[in-house]
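Engineer: Quick note: the first sequence, position 617, residue 656 per the working numbering, numbers continuous. Structure provided below as structure tokens; questions to follow.
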Amino acid sequence: MSSYNPQQLEPQWQAKWEADGLYRQRIDSGKPKHYALTMLPYPSGDLHIGHWYAMTPSDARARFMRMQGYNVMFPMGFDAFGLPAENAAIKRSIHPKTWTYANIERMRGQLRSMGAMFDWEREAVSSDPDYYKWTQWFFKKLIELGLAYRKLSAVDFCPNCNTTLAREQVWGEDRHCERCGTPVIKKDLEQWFFKTTDYAEELLDFSQINWPERVKVMQTNWIGKSSGANVTFTTEQGDEMPIFTTRPDTLWGATFMVMAPEHPLVDKLTTPEQADAVLQYREQAQRLSDIDREAADREKTGVFTGAYAINPVNQERVPIWVADYVLMGYGFGAIMAVPAHDQRDFEFARKFGLPIIPVIQPESGPLDAATMPEAYVGPGVMVNSGEINGTAVSDDKGRKNPSIAAAIDWLVAHNAGDEAVNYRLRDWLISRQRYWGAPIPVIYCPEHGAVPVPDEQLPVMLPEDVAFTPTGESPLKFHEGFLHTTCPECGRPSLRETDTMDTFMCSSWYQYRYLSPHFTDAPFDPVEGAYWLPVDQYTGGIEHATMHLIYTRFFTKAMRKMGLVNFDEPMLALHNQGMVLGEDNEKMSKSRGNVVAPDDLVQQYGADTVRTYLMFFTRWEQGGPWNYDGIKGPQRLLQDVWEIGQYAYMPQQVDEQATRNLRRKTHQTIHKVGQDFQEFSFNTAVAAIMELRNNLNDAKRTRSVTVAAWNEAVDSLLLLLAPIAPHITEELWAQRGKPYSIHQQAWPQWDEEIAKEDSITLVVQVNGKVRDRLEVPADTAEEDMKAAALASENVQRYLEGKAPRKVILVKGKLVNIVS
RNA sequence: GGGGUGGUGGCGAAAUGGCAGACGCAGCGGACUUAAAAUCCGCCGGGGGUGACUCCGUGUGGGUUCGAAUCCCACCCGCCCUACCA
């Protein structure tokens, strides 16, 4: 018997699998397909234990599906554009390309040590010209479809990274940059946007996907649909001033209006007397950092413009104010203010002495505008509101609320407004003022404006001979050769766009590129697409709930419009894993010194043990702190499996009962582990395998089971463990003379008859408390079970001679006697 | 402030209406050993009892139920998302 030496055995099998193309994933129309996908890594330099935690269970499940008879695709690649590469270039004078590709090479090796079933022929790297050519092609398609546009807008800008950020990349209460933590500032720039808002409504429909509730809730909140009405106010100067409100029923209580400081009408409306004050306020608002501006508990500020608008429902003259609690980016950047029934408006009105008119009367009686301490937002009945007086007000939103329905009907009938919905979701800002990204394929001609680069000139190559400045300003801006070109339409000297695309653009469609990473006629080979798409099972971290996972859904809907796909959703099912923390229960980081390095662990324990431990130590979706002692459990498991697998079993004295017990356990375990894999319950699957191991250890000691029962148990053990620990199981499978490869075997069948218990422990309760336990044959009739329970000495004692009022029997489990 | 999610032995966790703590780590006792490691056997939520047993126990307080870690209500604590969104 040889000793278990994973450091030697694992690389050998990896090499053989690679040489045999065991994991080549090819179209096979004779089998059902399963596209399993794990989120692709950024090539940061080293494979982190977090990558292992995300990828090994995904791999194990993909392997399980393969054993279940599916033709499984499980690809891998790199999200290779992005800021860290550029920061490394600035800091250490390494070219981003050199840095990135060296990291990729290193990580490929580390990924191989994991023993996953990745098909490396399908590897895609988003920074390869072969790849970003199609990223650029998609950009052009989006322009053609009217889903991309250029706009001057105030955008979030990180002064440290020297680039704009998408709204989703601005984090925290202090609104800092996702990458470097610097508080962002607002900057007016010409930027490219994708019209994600076109699909706001469809993105709210999750009916075709089996995704975690959590993610659906987060996306729903992020999209932020609210329904109400658009109402057009008219200023005394004659300008139309549309507003959006969720409470059109309170229109009769609107006593003033508020515009965002950036609102385009501010200059026009402000009277000469108020001009100084308004100008000053606006400058102050602009200078104010977002931290201060967005603090919700901050006291309201604002200034009167001197202008008035007419409330269309009652022709009342209402003053127009400017205040920074109204945001330009939502709705129309202007609101009607109803201080009686909106807390923000109430605070503003109180501060500036503006009138308050209640239009909803609560059940407790009329509100007193002069003394009410806060806005009233509850139910009641409409008052002071002309024709809709007397309508009931409920807590419901939208038309379900009778008062809102009545108000909308009134607005439509009087041509003063329309029912409307509004979304919090904004269009996706994709321009980045950085070098290491896919260049935006646009040329600016003095005559023709923004002209997309013709297809035959794609990709617009990222020049490599660039000089980095410590400011982080994009070197593309200073690269003469890149910058100067001619207009594709008229040949006139023109300038290239120097911005690159947000890397989320690259990762929005990578699952398609994996199908055929070298295909030259289209983003992916339609033959491959017809077979493999869409993704059946996606796995990854919850942190992408509102970014990547919304973008890729948007992208797929846009691709449907392009005629590239005929389905609506990119990933049918999603499962989120948690995070591995350091032993100190903190997020792993170099500065904390709590980083667990997978390479060291593989060196010490072997990949199989690391894989098994990662799947065993906690519920996958939960995550938790790493524990160096805990890994001993899986280590012992594999050591035992090694010994069991090599043991030349000979029974000493065959015991029929022991044989039946082992067979029962074997079949129960097959059933349990299969179910657990199905449900991503990997920790309990490993636990079940450990139990079978315990039974096999007993059998090995007592030598009382038949050779057939022993072999059945051992072979099953190896097959069940194969997806989790692929190397050791392959080795033992071979040593036992079984056909290569264990990873091409079918999942073992379980037999319900064999798995069935022949006796059960009947728990006997009196009034819900356990008073006895009886071993009875599993096929005992219900009446006999009840009788046996009642006959129990302890039960009689607790019944104290009284007749039972009721006897409840739970089949196969318990009898509860109620006295 | 709003939304979500979680709270179970010394620790990681099982159990989603029916024996709380499967499986594992650590610990304790024993075997083997000159010794240690490894391995093997046993114990392992708390209190009481020589014992058969018994009482208490799943963040706190109520409720529903024959029966609640599990369902409902309120509260406390942790984590995540979001935040003047009209």
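Glycine included, every Cβ here is placed at the ideal spot set by N, Cα and C.
Determine the closest residue to E144 out of M257, W159 and S132, with distance taken between C-alpha atoms.
Structural biologist: For E144, the nearest C-alpha among the options comes from W159.
Engineer: Check the DSSP bridge columns for Y74 and list the partner residues they point to.
Structural biologist: M112.
Engineer: Give the straight-line distance between the Cα atoms of Q643 and L620, rounded to the nearest whole angstrom.
Structural biologist: Roughly 20 Å separates the two Cα atoms.
Engineer: Rounded to the nearest angstrom, what separates E301 and R321 at their Cα positions?
Structural biologist: Distance between the alpha carbons of E301 and R321: 7 Å.
Engineer: With burial defined as no fewer than 16 other Cβ atoms inside 10 Å of the residue's Cβ, what is the status of D384: buried or exposed?
Structural biologist: With 16 or more other Cβ atoms within 10 Å, it is buried.
Engineer: So who's on the other strand from S192, going by DSSP bridges?
Structural biologist: In DSSP, S192 forms a bridge with L228.
Engineer: Tell me, which residues are paired with T274 by DSSP?
Structural biologist: Answer by DSSP bridge pairing, in chain order: A348.
Engineer: Report the rounded CA-to-CA distance for W548 versus P565, giving the unit in angstroms.
Structural biologist: C-alpha separation (whole angstroms): 14 Å.
Engineer: Among the candidates F606, K172, D59 and P637, whose CA atom is the shortest distance from the CA of D560?
Structural biologist: Comparing Cα-Cα distances from D560 to each of F606, K172, D59 and P637, the minimum goes to K172.
Engineer: Taking all protein chains shown into account, do 16 or more other C-beta atoms lie within 10 angstroms of the C-beta of A738, making it buried, or fewer, making it exposed?
Structural biologist: Under this definition A738 is a buried residue.
Engineer: Is the number of C-beta pairs between the segment 567-585 and the segment 600-618 that are closer than 8 Å three or more?
Structural biologist: The segment 567-585 is in contact with the segment 600-618.
Engineer: Taking the alpha carbon of L848 as the reference point, which residue from A827, S798 and P778 has its own alpha carbon closest?
Structural biologist: Ranking the options by Cα distance to L848, first place goes to A827.
Engineer: Please name the residue or residues paired with W360 in a DSSP beta bridge.
Structural biologist: Its beta-bridge partners are V297 and F343.
Engineer: Apply the 10 Å Cβ neighbour rule to D538 and answer buried if 16 or more other Cβ atoms are within range, or exposed otherwise.
Structural biologist: Classification for D538: buried.
Engineer: Once DSSP output is grouped into helix, strand and coil, what is the label at V680?
Structural biologist: DSSP places V680 in helix when its eight states are reduced to three.
Engineer: Let me know if S68 comes out buried or exposed under the rule of 16 or more other beta-carbons within 10 Å of its beta-carbon.
Structural biologist: Result: exposed.
Engineer: What does DSSP give as the partner residues of M618 in its beta bridges?
Structural biologist: In DSSP, M618 forms a bridge with G662.
Engineer: Along the chain, where does the beta strand (DSSP E) containing G456 start, and where does it finish?
Structural biologist: Per DSSP, G456 belongs to the beta strand (DSSP E) from G456 to Y462.
Engineer: Report buried or exposed for K439, applying the criterion of at least 16 other Cβ atoms within 10 angstroms of its Cβ.
Structural biologist: K439 is exposed by the Cβ-count criterion.
Engineer: Can you tell me whether A817 is buried or exposed? The criterion is at least 16 other CB atoms within 10 Å of its CB, across all chains shown.
Structural biologist: So A817 counts as exposed.
Engineer: Contact between the segment 782-794 and the segment 698-713 is defined here as three or more beta-carbon pairs at a separation below 8 Å; is this criterion met?
Structural biologist: Cβ pair count under 8 Å is three or more, so yes.
Engineer: Does the structure place the segment 291-305 close enough to the segment 364-376 that three or more beta carbon pairs sit under 8 Å?
Structural biologist: Judged by Cβ distances under 8 Å, the segment 364-376 makes contact with the segment 291-305, as three or more pairs qualify.
Engineer: Are Q550 and L150 close, meaning C-beta to C-beta below 7 Å?
Structural biologist: The answer is no: Cβ separation not under 7 Å.
Engineer: Below 8 Å on the Cβ atoms is my contact criterion, and I expect M654 with F719 to pass it. Report the Cβ-Cβ distance as a whole number of Å.
Structural biologist: About 10 Å separates the two Cβ atoms, so there is no contact after all.
Engineer: Could you pull out every residue in the same chain whose Cβ sits closer than 6 Å to the Cβ of S628, ignoring the five residues on either side in sequence?
Structural biologist: If we look at S628 and ignore the five residues flanking it on each side, it has no Cβ neighbours.
Engineer: Compare the Cα-Cα distances from G345 to each of D167, N353, P358 and A58 and report the closest residue.
Structural biologist: Measuring from the Cα of G345, the nearest candidate turns out to be P358.
Engineer: Assuming contact is defined by CB atoms lying nearer than 7 Å, are F120 and S192 in contact in what I supplied?
Structural biologist: No; because the gap between Cβ atoms is not below 7 Å, this pair is not in contact.
Engineer: Out of curiosity, what's the CA-to-CA distance linking G503 and N142?
Structural biologist: Sequence inspection shows Glu at residue 503; the Gly mentioned does not correspond to that position. Straight-line Cα distance between these residues: approximately 18 Å.
Engineer: Shortest alpha-carbon distance to P480 belongs to which of V490, F233, V725 and W772?
Structural biologist: Residue V490 is the option with its Cα nearest to P480.
Engineer: Spatial neighbours of Q691 within its chain, please: CB distance less than 6 Å, with the 5 preceding and 5 following residues excluded, ordered by chain position.
Structural biologist: Only R742 meet the Cβ criterion.
Engineer: What does a CB cutoff of less than 6 Å around Y238 pick up in its chain, not counting 5 residues either side in sequence?
Structural biologist: Counting only Cβ-Cβ distances below 6 Å, and skipping sequence neighbours, we find F593 and K596.
Engineer: Within 10 angstroms of the Cβ of W56, are there 16 or more other Cβ atoms? Answer buried if so, exposed if not.
Structural biologist: Buried, because 16 or more other Cβ atoms sit within 10 Å of the Cβ of W56.
Engineer: In the DSSP assignment, find the beta strand (DSSP E) that holds F283 and state where it starts and stops.
Structural biologist: Run containing F283: E279 to T284, per the beta strand (DSSP E) assignment.
Engineer: Beta-carbon within less than 7 Å of Y686's beta-carbon, same chain only, minus the 5 sequence neighbours each way: which residues are those?
Structural biologist: Result list for Y686: K739, in chain order.
Engineer: Measure how close the beta-carbons of I396 and T294 come, nearest whole angstrom, since I'm counting them as under 8 Å.
Structural biologist: About 6 Å; that satisfies the 8 Å criterion.
Engineer: Quick test of your reading: L79 and G116, contact by CB under 8 Å. State the CB separation rounded to the nearest angstrom.
Structural biologist: Indeed, because the Cβ distance is near 5 Å, the residues count as touching under 8 Å.
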